[in-house]
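Chains C and R, in that order, are what the protein sequence lines are. Everything in the first sequence is counted per my numbering, starting at 216 for the first residue and increasing by one. Everything in the second sequence is counted per my numbering, starting at 1320 for the first residue and increasing by one. Just so it is clear, CB atoms sit at the ideal spot from N, CA and C, and this is done for glycine as well. Read through the structure below, which is laid out as structure tokens, and then see the notes.
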Amino acid sequence: DKKILGLKRTERVLPVGAFLTVVGEV
Amino acid sequence: VTRVNRLNDLAQLLDAERLPLVVTISGKVASENPINCEITGLKSVIVEERVNKLYLKKKEEEKCKCAIKQKEKCKRATKPQKTCNDADYWTLHSEPSDSWTLHSKSISCNTKEVPWYLDDGTDHVHVVGARGATDFGYTAVRSKFDE
Chain C
216 DKKILGLKRT ERVLPVGAFL TVVGEV
Chain R
1320 VTRVNRLNDL AQLLDAERLP LVVTISGKVA SENPINCEIT GLKSVIVEER
1370 VNKLYLKKKE EEKCKCAIKQ KEKCKRATKP QKTCNDADYW TLHSEPSDSW
1420 TLHSKSISCN TKEVPWYLDD GTDHVHVVGA RGATDFGYTA VRSKFDE
């Protein structure tokens, strides 16, 4: 016995303008 | 540690030092062709979209794992009998038999990324492979529910 409620869509984003610090190899 | 204050000083560092170098840089995220995000409404350089199906499932009465001949004895008792091998028997049977519980099932998970860089106003540095970095974090999260 199941009742379908719907779809949940989730966006996780890195937006333009965000201030970011990264450590990496050149 | 050699320290430079601006991204446009980084080139001098690269000329003087032996490669590879490990550097820490800071700046604002930018891109020539950002992605227009539907749910957050933001222009972004990395977008992860997850779709989950939400549904209610009728909670079925759990079967006692005791032997059938011991079941009646268990039901009358106020606490599990030593003869009952299922430690969760009373917890399971204390729930209403017609209750519904919320479940979620993953349908899809897609990630899009466009070439992007960090800009501090003096210059910019392209960042590659950031998603594989430890503690990489998405700074904005939003969900939408479609019935």
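Rounded straight-line distance, which links the Cα of residue j to that of residue i
i: E1357 (chain R); j: K1376 (chain R); result: 30 Å
i: I1354 (chain R); j: E1367 (chain R); result: 11 Å
i: D216 (chain C); j: K223 (chain C); result: 21 Å
i: A1449 (chain R); j: S1427 (chain R); result: 22 Å
i: I1365 (chain R); j: E1432 (chain R); result: 4 Å
i: K1378 (chain R); j: T236 (chain C); result: 48 Å
i: D1439 (chain R); j: K1424 (chain R); result: 42 Å
i: V238 (chain C); j: V1446 (chain R); result: 10 Å
Contact list for residue i against chain C, beta-carbon separation under 8 Å
i: S1363 (chain R); result: V228, L229, P230, V231
i: S1462 (chain R); result: K223, R224, T225, E226
Within chain C, partners of residue i - CB distance below 9 Å
i: D1465 (chain R); result: G221, L222, K223, R224
i: N1371 (chain R); result: L222, K223, R224, T225
i: K1347 (chain R); result: V231, G232, A233, F234, L235
Proximal residues of chain C, C-beta to C-beta of residue i below 7 Å
i: S1418 (chain R); result: The contacting residues do not exist; S1418 (chain R) stays about 11 Å from chain C at best.
i: K1377 (chain R); result: D216
i: Y1436 (chain R); result: None at all; the shortest Cβ gap to chain C is about 10 Å.
i: T1343 (chain R); result: T236, V238
i: A1449 (chain R); result: V237
i: V1366 (chain R); result: E226, V228
i: L1326 (chain R); result: Near L1326 (chain R) there are no residues of chain C at all, since even the closest Cβ is about 12 Å away, more than 7 Å.
Residue i - partner residues in DSSP beta bridges
i: F1464 (chain R); result: C:K223
i: D1334 (chain R); result: Beta-bridge pairing links D1334 (chain R) to no other residue.
i: L1340 (chain R); result: BP columns for L1340 (chain R) are empty, so no partner.
i: D1438 (chain R); result: R:K1347, R:H1443
i: T1430 (chain R); result: R:E1367
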